[in-house]
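Here the structure comes first, spelled out in structure tokens, and everything after it is commentary.
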Amino acid sequence: MSHADTIPVRVVAVEQVTPQIKHFRLAAVDGSRLPAFSGGSHIIVVMNDVDRVHRNPYSLLGVPAQLETYEIAVRRMEQSRGGSHFMHDSVSVGSTLEIAHPVNLFGLSKIGRKHILIAGGVGITPILGQMEDLHQDGVPYEIHYSVRAPEHAAFLSRLQQRAADRLKVYYDSSGHAIDFDGLLSTQPLGTHFYVCGPAGMIEVVLAKARTWGWPESHIHWEQFSAPPAGEAFDVHLAKSRLDVHVVPDQSLLESIEAAGVEVPYLCRGGVCGFCRTDVLELDGELIHNDHYLSDEERASGRVIMPCVSRARCKKLVLDL
Amino acid sequence: MNVAFKPDETFRDDFTFRNTPEAIRRFPLPFPEDKYMYSVNIEAHRPGPHGSVVEFAIDVDEHYVAECRERALVLKEDPMRFQALPHMMSAQWDCLELIMESLARDYPQHFTLDRQGSQWAWTNRPLGIQQSFTFGDPATLPQQPLEYITRQVQGDWVVMDQREGDLWAEAGMVTTQADWSLNFDIGMSFKEWHGPVPLAHEMGVFDRALKYLLGLRLNEPVRRLNWTMTVNPRLDTSPEMYPKWGTDRASVTPENVADKVHLRVELQGLWRLPRSNGIVFSVRGYLISMRELATIPKWAKRVHRVLRELHPALVDYKGLTRYRDTVVEYLAPFDDGSPTSSGTAPE
Amino acid sequence: MLVTGIKSKPVYTPLAPDLSGRYHLMVGHGVGREPLLRVLRDLRTAAPESGARTRVLFVGSPDEHSASDEVFRSAGAADVRLFGREDELLTDFQDVLTSSVMGTRLYVAGPESFMGLVMRLARQFNLNKDEVRAEECGAAARRVYCMHCQTATENVTTNIVQCKDCNRWLLVRDHYSSRLAAYMGVMVDAEAPGERPEVKEVFR
């Protein structure tokens, strides 16, 4: 459930597709076929940087039937903890990386009767994978893609070729915005909504969906966010008998991993619940940044999601 | 493992099924200690000891050809033992790939798979099958993909869709079941189809199992063992056929118990599927008669104690009521009361 | 003996308004009228503006019909449709589902056999447990599916019943399939032919 067999890959193509987004094509170092995957899947890319290891999730945007290479797209984050900068600045054709097997936390509902896919900026990446699945199944769908300006629209020709008039593109620069109220108020039963984009866009969609009476089971979302930074703090791992120092721009999970201790994970983004860890002792407060724990669990101070959460404390002991 | 197949063995009518001494020794005893109660008992499905039933991802043994023939007979009489809801086609192809790849990799003497893009060529020497087809195009196979390939592998296969925080059994080939019905259960959620199992719900077993399975990852399959008992080496003990096999249960006597009553162990495997993101659940049944079991002294003692102390609700649910005592009496002379080593190995 | 008292029997709860929904579709049969009226009134109290978005489909006896239209409307339903027969209601229900939009909540009240058919249709439109509430009332008679000949026998009130097609005596189990909208029936005397428990009325 953690760091099982990774696949060594080599970068076989790099392309700057928008001012901020680079497209990478990866092939297995041993030339073998890569594992098949479902639309919406992501891979964890392991990057050996100068002073630390980055493990970042990136969505697979390729055609599932084509398994000679994987395709990912990385947006250069202004405030990066190093992963996106590493990909943009230190990775070129011939570079080698390690990747984990695909994981899907953003899959299509197989029994959905219609699918509305919403992408904001680089959030188009998992939508591309989902589009390929929908194309194959022949189920009704729409894609609504919002970007700042035309030069920031990535993979437009690929989208247009597959989705044709199911695709609508919205440019902030022209003042066009997705009419979420219109979309949410008029869908037949069995429609599913998928949104991947900035936190603000996701919040708006979730709030409006609630107003229009959609049950949560029909709204699917994925957010690309780096674990929030914070003050440095120290943590003691009881079972491993290790003291770990967590620096401001490394997550608790990353610091624990750097100390050689494995923690189960799936999403590394505070959503899936897999890295849930018991807190044995706390003198201070936990800073919960996840979307998984209940209010009671957070208030209890007894559990933490190390992938995104931190602490401000004199003492913190974890059951690891 | 280069075993000779016994193609004419039968699992009905004259019941000529027997285990060779090698098959007896590799039998997957499900009791690591002298008593039994439910647990989630899942472990990683990694390659096990050479010659064991878990050496390979999917086990092919001396009964392979006979079991495939038996499956074909069941399906001829009752085609509804294979069903797949319409949205499960991609999962069917995932299963076909999993099974073909496993068999060809682990038993190259019997199976060959040649992939050229989406043009695949499959050879199954024990069954005399050669098939070229286009992966992803159902029209190029004589049956739906899941039916096609499960007719060539031992054990039952149930395919689940993952959605709404739950697992739904929505396709399967089920001809060797211990008294449950695909036709009735298809479309049910995880806890619904486990509804009939006593005690386990109160113990939270299914909550934990479901949570675990929802996070099952590609390339990291898991396995567990389940067990019951069957009178006669009959693989098809379905509810559908109950009128046929029901009388078996009342037919056990002290004279025939050794050869009639079989321990039936299910080796269950669970794999995450790549294109559908579903999960496939394999249920592979192994049968051993009490006489065959008793040739392994430790196992005779172990099974004697487990059956003697078994919780009444489990005796009932596993259908052992009519003959449990007769089996216990048969095994008693093999049990001198001495301690048994923990673990399931023959010694 | 065969096991009964198992956990896959569906659980029903008294109907209450689901305020997270925007459109409220209510389907009832016979004595299901009372729970529907109750939830309509509760809905009107909690969310007065919701009335315009409620619809009732109801099938009952002629007596039950006579006052029903007015009773439902005065409880707050904007649209009321009455049917003399179950199959007529189900046909209309399917049309209603085809034109309904996301945000709809379904409330069902009546005997279980009727509700099973309603909920099976609802599932085809991908309405899931978050969108459907059901309260059982009226006859507890079961639809029983014979595992051996795949036929359903209606209105079973006894612990064992003879399959209407193959004539085997079936034990009526608690294992329920929403897809088939029926309970499992397995041959009760398969192990000892002729040995059957006494027939008892148990599902009233």
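Top to bottom, those sequences are chains A, B and C.
Note that the numbering used here has the first sequence beginning at 1, numbered continuously upward.
Note that the numbering used here has the second sequence beginning at 1001, numbered continuously upward.
Note that the numbering used here has the third sequence beginning at 2001, numbered continuously upward.
Where is the CB? At the ideal position from N, CA and C, for every residue including glycine.
Computed from a predicted model, the values in this text were never measured in an experiment.
Run of the beta strand (DSSP E) containing residue i, from where it starts to where it stops
i        : result
L1270(B) : 1261 to 1272
R1012(B) : No beta strand (DSSP E) contains R1012(B), which DSSP labels as neither H nor E.
A2077(C) : Counting along the chain, A2077(C) falls outside any beta strand (DSSP E), and DSSP gives it neither H nor E.
A2134(C) : 2132 to 2136
A311(A)  : 310 to 318
E1156(B) : According to the sequence provided, residue 1156(B) is Asp. The question's Glu does not apply to it. From DSSP, the beta strand (DSSP E) with D1156(B) extends over 1156 to 1163.
I143(A)  : 141 to 147
Y1317(B) : Premise fails: Y1317(B) lies in the alpha helix (DSSP H), 1312 to 1317, not in any beta strand (DSSP E).
V1283(B) : 1279 to 1289
I99(A)   : 96 to 99
Buried/exposed call for residue i, threshold 16 Cβ in 10 Å
i        : result
M2001(C) : Model confidence at M2001(C) stands at a pLDDT of 37, short of 50, so the residue's coordinates are unreliable; what they give is reported in the following sentence. With fewer than 16 other Cβ atoms within 10 Å, it is exposed.
V1003(B) : exposed
P1312(B) : exposed
Y1185(B) : In the sequence as displayed, the identity of residue 1185(B) is Asp instead of Tyr. Buried, because 16 or more other Cβ atoms sit within 10 Å of the Cβ of D1185(B).
P1145(B) : buried
P951(B)  : Given that chain B is displayed from residue 1001 to residue 1347, the structure contains no residue 951(B) and the question cannot be resolved.
T2135(C) : According to the sequence as given, residue 2135(C) is Glu; it is not Thr. The residue in question, E2135(C), is buried, as its Cβ has 16 or more Cβ neighbours within 10 Å.
N2155(C) : exposed
M2207(C) : Within the shown structure, residues of chain C are numbered from 2001 to 2204, placing residue 2207(C) beyond reach of any answer.
E281(A)  : exposed
V1348(B) : The requested residue 1348(B) is not part of the displayed model; chain B covers only 1001 to 1347.
G2028(C) : buried
T1176(B) : buried
A13(A)   : exposed
A29(A)   : Correcting the residue identity first, residue 29(A) is Val in this sequence and not Ala. Classification for V29(A): exposed.
G1155(B) : buried
E2112(C) : buried
S309(A)  : buried
E285(A)  : exposed
Opening and closing residue of the alpha helix (DSSP H) in which residue i lies
i        : result
K2119(C) : According to the sequence provided, residue 2119(C) is Met. The question's Lys does not apply to it. Run containing M2119(C): 2112 to 2124, per the alpha helix (DSSP H) assignment.
E1170(B) : Looking at the DSSP string, E1170(B) is not in any alpha helix (DSSP H); the run it does join, the beta strand (DSSP E), is 1166 to 1173.
K1298(B) : 1297 to 1309
I178(A)  : No alpha helix (DSSP H) contains I178(A), which DSSP labels as neither H nor E.
Y1148(B) : 1145 to 1150
Y1212(B) : 1205 to 1214
Counterpart residues of residue i in DSSP-defined beta bridges
i        : result
A1178(B) : T1237(B)
A232(A)  : The partner list for A232(A) (beta bridge, DSSP) is empty, contrary to what the question assumes.
F1133(B) : W1120(B)
C196(A)  : A119(A), E222(A)
Q16(A)   : K22(A)
N1226(B) : E1266(B)
I43(A)   : Y58(A)
L2025(C) : R2055(C), L2106(C)
M2187(C) : L2170(C)
K114(A)  : T191(A)
A2182(C) : S2177(C)
Closer than 7 angstroms: residue i CB and nearest the ligand GTP heavy atom
i        : result
L1210(B) : Among the ligands in the structure shown, none appear at all, so the ligand GTP cannot be discussed.
>> In chain order, what are the residue ranges of uninterrupted beta strand (DSSP E) at least 3 long that sit wholly in the segment 51 to 76 of chain A?
In response: Contiguous beta strand (DSSP E) elements confined to the segment 51 to 76 of chain A occur at 53 to 59, 69 to 75, taking only those with 3 or more residues.
> Below 8 angstroms, can you find three or more Cβ-Cβ pairs linking the segment 1145 to 1164 of chain B to the segment 1222 to 1233 of chain B?
Replying inline: Contact between the segment 1145 to 1164 of chain B and the segment 1222 to 1233 of chain B is not established, with fewer than three Cβ pairs separated by less than 8 angstroms.
> Given 8 angstroms as the limit, is there contact between the segment 1302 to 1316 of chain B and the segment 1025 to 1033 of chain B, that is, 3 or more CB pairs closer than that?
Replying inline: The segment 1302 to 1316 of chain B, when compared against the segment 1025 to 1033 of chain B, does touch it at the 8 angstroms Cβ threshold.
> Touching or not, the segment 1287 to 1296 of chain B and the segment 1245 to 1261 of chain B, by the rule of three or more beta carbon pairs under 8 angstroms?
Replying inline: Counting C-beta pairs with one atom in each stretch, the segment 1287 to 1296 of chain B and the segment 1245 to 1261 of chain B have three or more that are closer than 8 angstroms, which means they touch.
> Taking only runs of the beta strand (DSSP E) that begin and end inside the segment 2141 to 2176 of chain C, which ones reach a length of at least 3 residues, in chain order?
Replying inline: The segment 2141 to 2176 of chain C contains these whole beta strand (DSSP E) runs: 2142 to 2146, 2152 to 2156, 2160 to 2162.
> Counting Cβ pairs closer than 8 angstroms, one from the segment 2172 to 2179 of chain C and one from the segment 2046 to 2060 of chain C, do we hit at least three?
Replying inline: No, because fewer than three Cβ pairs between the segment 2172 to 2179 of chain C and the segment 2046 to 2060 of chain C fall closer than 8 angstroms, the two stretches do not touch.
>> Would you call the segment 175 to 189 of chain A in contact with the segment 234 to 244 of chain A, where contact means no fewer than 3 C-beta pairs closer than 8 angstroms?
In response: Touching, no.
>> Measuring CB atoms only, is the segment 2094 to 2102 of chain C touching the segment 188 to 203 of chain A, in the sense that at least three cross pairs come out at less than 8 angstroms?
In response: Segments in contact, yes.
>> Quick check: the segment 160 to 176 of chain A against the segment 139 to 149 of chain A, are at least 3 beta-carbon pairs closer than 8 angstroms?
In response: Counting C-beta pairs closer than 8 angstroms gives three or more between the segment 139 to 149 of chain A and the segment 160 to 176 of chain A, which meets the contact rule.
> Any contact of the segment 2030 to 2047 of chain C with the segment 2065 to 2074 of chain C, i.e. 3+ C-beta pairs under 8 angstroms?
Replying inline: With the cut-off at 8 angstroms, the segment 2030 to 2047 of chain C and the segment 2065 to 2074 of chain C touch.
>> Quick check for students: name the residue ranges of the beta strand (DSSP E) that lie wholly in the segment 226 to 289 of chain A, counting only runs of 3 or more.
In response: If you keep only unbroken beta strand (DSSP E) runs of at least 3 residues inside the segment 226 to 289 of chain A, you get 233 to 237, 242 to 246, 277 to 287.
>> Would the segment 251 to 258 of chain A count as touching the segment 1017 to 1026 of chain B if we require 3 or more Cβ pairs under 8 angstroms?
In response: Taking 8 angstroms as the limit for Cβ pairs, the verdict is that the segment 1017 to 1026 of chain B does not touch the segment 251 to 258 of chain A.
>> Would you call the segment 1266 to 1279 of chain B in contact with the segment 1238 to 1249 of chain B, where contact means no fewer than 3 C-beta pairs closer than 8 angstroms?
In response: Contact between the segment 1266 to 1279 of chain B and the segment 1238 to 1249 of chain B is absent: fewer than 3 CB-CB pairs across the two stretches fall below 8 angstroms.
> Using 8 angstroms as the Cβ pair cut-off and three pairs as the minimum, do the segment 92 to 112 of chain A and the segment 1271 to 1284 of chain B touch?
Replying inline: Touching, per the Cβ criterion.
> Where in the segment 1055 to 1106 of chain B do unbroken runs of the beta strand (DSSP E), each at least 3 residues long, occur, reported from the N-terminal end onward?
Replying inline: Taking only runs of at least 3 residues, the beta strand (DSSP E) segments lying wholly in the segment 1055 to 1106 of chain B are 1082 to 1084.
> Using 8 angstroms as the Cβ pair cut-off and three pairs as the minimum, do the segment 125 to 136 of chain A and the segment 144 to 163 of chain A touch?
Replying inline: Touching, yes, given that three or more Cβ pairs across the two stretches are closer than 8 angstroms.
> With contact counted as at least three CB pairs below 8 angstroms, one residue from each stretch, are the segment 2007 to 2017 of chain C and the segment 2134 to 2148 of chain C in contact?
Replying inline: Counting C-beta pairs with one atom in each stretch, the segment 2007 to 2017 of chain C and the segment 2134 to 2148 of chain C have three or more that are closer than 8 angstroms, which means they touch.
> Looking at C-beta atoms only, is the number of pairs between the segment 1050 to 1060 of chain B and the segment 1316 to 1325 of chain B that lie closer than 8 angstroms three or more?
Replying inline: Fewer than three beta-carbon pairs drawn from the segment 1050 to 1060 of chain B and the segment 1316 to 1325 of chain B are found closer than 8 angstroms, and the two stretches are therefore not classed as touching.
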